[in-house]
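Colleague:
Numbering (UniProt numbering), first residue to last: 1 to 84.
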C-alpha cells in the first residue's frame, strides 16, 4: 500500500532523495508498524516526539502495533522543539 511519509524540522534531512516539501510517497506492507518506519528512515526514536497518522497522535506505547496504517494515510513526525 502507499502512504505519504513526512518529516519536519531537523528530521527532514532523513527523507530520501525525491522528497518534496518534507514529504514523500512510499510503498509499505500492510502489517508495518509506525516504529518500523521510524527505524527504516533512521529517525532516532527519542526524536520521534510527535507522531501523527492523518492528524491523530499516537503515543510511544502504540507505535509497535502493526496494521495502524491504511492505504493513502499520511504519517507525519516532528522532533521535540525548544522555546515557545
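From the three backbone atoms N, C-alpha and C, an ideal C-beta is built for every residue, glycine too.
1) Am I right that residue 16 and residue 3 are in contact with their C-beta atoms under 8 Å? What's the rounded C-beta distance?
2) Of the choices 7, 39, 51 and 47, whose alpha-carbon is the least far from that of residue 62?
3) Note down, in chain order, each residue of its chain lying with its Cβ closer than 7 Å to the Cβ of residue 12, except the 5 sequence neighbours on either side.
4) For residue 35, which residues of its own chain have a beta-carbon under 6 Å away from its beta-carbon, when the five flanking residues on both sides are left out?
5) Pull up the CB-CB distance for residue 66 and residue 27, whole angstroms please, since I reckon it's below 8 Å.
6) Check whether the Cβ atoms of residue 56 and residue 6 sit closer than 9 Å, and answer yes or no.
7) Beta strand (DSSP E) containing residue 50: first to last residue?
Modeller: On the basis of the data shown:
1) Within the chain shown, the letter at position 16 stands for residue 16. Within the chain shown, the letter at position 3 stands for residue 3. Going by Cβ atoms, the distance from residue 16 to residue 3 rounds to 14 Å, so no, they are not a contact pair.
2) The count along the chain shown starts at 1 and reaches residue 62 at position 62. Nearest of 7, 39, 51 and 47 to residue 62, Cα basis: 51.
3) As a working mapping, residue 12 is identified with position 12 in the chain shown. If we look at residue 12 and ignore the five residues flanking it on each side, its Cβ neighbours are 22.
4) One-based indexing of the chain shown puts residue 35 at position 35. The answer, listed in chain order, is 63 and 64.
5) The residue you call residue 66 lines up with position 66 of the chain shown. The residue you call residue 27 lines up with position 27 of the chain shown. That belief does not hold up - the Cβ atoms of residue 66 and residue 27 are roughly 16 Å apart, past 8 Å.
6) Here residue 56 corresponds to residue number 56 of the chain shown, with the count starting at 1. Here residue 6 corresponds to residue number 6 of the chain shown, with the count starting at 1. No, the Cβ-Cβ distance between residue 56 and residue 6 is not below 9 Å.
7) Numbered from its first residue, the chain shown carries residue 50 at position 50. Segment 50–53, the beta strand (DSSP E) holding residue 50.
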